[in-house]
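For reference, the structure discussed in these notes is given below.
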Amino acid sequence: MSKLRCTGKEGLQRMNYLYQISNMLATNSVAENTASSLNSNLLVNISRKTVQRMEIGLKRTICKSCRCLLLAGINCKIRITKKKLIQTCLKCHKSKILSIENKTYLPWTQQEESIVEVMDFGKSSETQGDNDIHTKRNKNQVESIHSNRENDHTLMEIRQEEVIMKRNEQEKQET
20 MSKLRCTGKE
30 GLQRMNYLYQ
40 ISNMLATNSV
50 AENTASSLNS
60 NLLVNISRKT
70 VQRMEIGLKR
80 TICKSCRCLL
90 LAGINCKIRI
100 TKKKLIQTCL
110 KCHKSKILSI
120 ENKTYLPWTQ
130 QEESIVEVMD
140 FGKSSETQGD
150 NDIHTKRNKN
160 QVESIHSNRE
170 NDHTLMEIRQ
180 EEVIMKRNEQ
190 EKQET
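For any residue, its number in our numbering is found by taking its place in the sequence shown, counting from 1, and adding 19.
Below, the structure written as C-alpha cells:
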C-alpha cells in the first residue's frame, strides 16, 4: 500500500507559522505593526504561489488593501448592525462587510457535504478496522465544527468587550 502524501505541506506549514508570527507581532505593540503586515503580505503571496486557498477565518482577519492583520480594538474598528458586521482597518480606512443575518450559515469548507475524505498523515492504516475508527473520528470532527460555528459569533462579541475594557483601563491609568 502506498504512503499518503499531503501536497503542499511545506507551504501550509509556512503559512501557519507566518500567521502566528503576524498575530504575535500585532498584539505586542503598535510599533511592530509594519513587521506584522509584512508577514501577512508574505502569507498571502505564498498562498498565491503555491495555489492553495487560505481558510475563510484566516482570510477574514487580513485587510485586502494594506494586508495588515485585523485585530478588534487594536488596528480594526468593528461595527455590528442587525444584518452585517463591518470591519474597518484603521491603517488604510478600508472596510469589509460580512453578513451575519443567517446565524446558522456555514462556509462551504465547513459544511458536511464538502468533506469527501479526511486523511491521517501521521500513521498509515492497513486494516479495515482502522478505517472504521478513522471514519467515526471524522464524523466527530464534522460535528465539532458545527458546534464551534455556533459559538463563533458570541466569542467575537466577548473578545471585543475584552479589548474595550483593556483600552478603558489603559486610558484611566494614563489620566
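Beta carbons are placed, not taken as given, at the ideal position from N, Cα and C, and that holds for glycine.
Note that the structure is a prediction, hence the values are computed from the model and not measured.
For a cutoff of 8 Å on Cβ pairs, would you count residue i as touching chain C?
i, result
"LEU37", "No chain C is part of this structure, which consists of one protein chain only."
Output needed for residue i: all residues of its chain with C-beta closer than 8 Å, excluding positions within five of it in sequence on either side, in chain order.
i, result
"ARG86", "SER56, SER59, ASN60 and VAL63"
"PRO126", "ILE75"
"LYS102", "SER118, ILE119 and GLU120"
"SER84", "CYS108, CYS111 and LYS113"
Where does the unbroken alpha helix (DSSP H) through residue i begin, and where does it stop?
i, result
"ILE75", "75-78"
"LYS28", "28-47"
Would residue i pass as a contact of residue j if the rule is Cβ separation under 8 Å?
i, j, result
"ILE119", "LEU104", "yes"
"TYR38", "LEU77", "yes"
"LEU90", "ALA45", "yes"
"GLY30", "ILE65", "yes"
"LEU117", "ASN42", "no"
Measure the alpha-carbon distance for residue i versus residue j and round it to whole angstroms.
i, j, result
"GLN106", "ALA54", "21 Å"
"ILE134", "GLN192", "50 Å"
"ASN150", "GLU188", "Because ASN150 sits at a pLDDT of 45, beneath the cut-off of 50, its placement in the model cannot be relied upon, and the following sentence gives the value as read from the coordinates. ASN150 and GLU188: Cα-Cα distance of roughly 53 Å."
"GLN130", "VAL137", "13 Å"
"ASN35", "THR69", "14 Å"
"ARG24", "GLN71", "16 Å"
"THR100", "GLU180", "16 Å"
"ASP139", "ILE40", "27 Å"
"ILE183", "MET73", "29 Å"
"ALA50", "THR194", "22 Å"
"ARG67", "THR128", "18 Å"
"HIS112", "GLU190", "23 Å"
"LYS122", "SER114", "21 Å"
"GLU132", "CYS82", "29 Å"
"LYS185", "THR26", "42 Å"
"LYS28", "CYS95", "31 Å"
Is residue i buried or exposed, if buried means 16 or more other CB atoms sit within 10 Å of its CB?
i, result
"THR80", "buried"
"ASN47", "exposed"
"ILE97", "buried"
"ASN52", "buried"
Between residue i and the rest of its own chain, which residues show a CB-CB distance below 7 Å, the 5 nearest in sequence each way excluded?
i, result
"GLN32", "none"
Taking the beta strand (DSSP E) that residue i falls in, what are its first and last residues?
i, result
"ILE93", "Run containing ILE93: none; DSSP gives neither H nor E here."
"LYS68", "Premise fails: LYS68 lies in the alpha helix (DSSP H), 52-68, not in any beta strand (DSSP E)."
"GLN106", "103-108"
"LYS218", "The requested residue 218 does not occur in the structure, where the chain is confined to residues 20 to 194."
For residue i, I'd like the list of residues in its chain whose CB is within less than 6 Å of its CB, leaving aside the five on either flank, ordered along the chain.
i, result
"ILE152", "Note that ILE152 has pLDDT 44, beneath the 50 cutoff, so the model's placement of it is unreliable and the number below is only indicative. If we look at ILE152 and ignore the five residues flanking it on each side, it has no Cβ neighbours."
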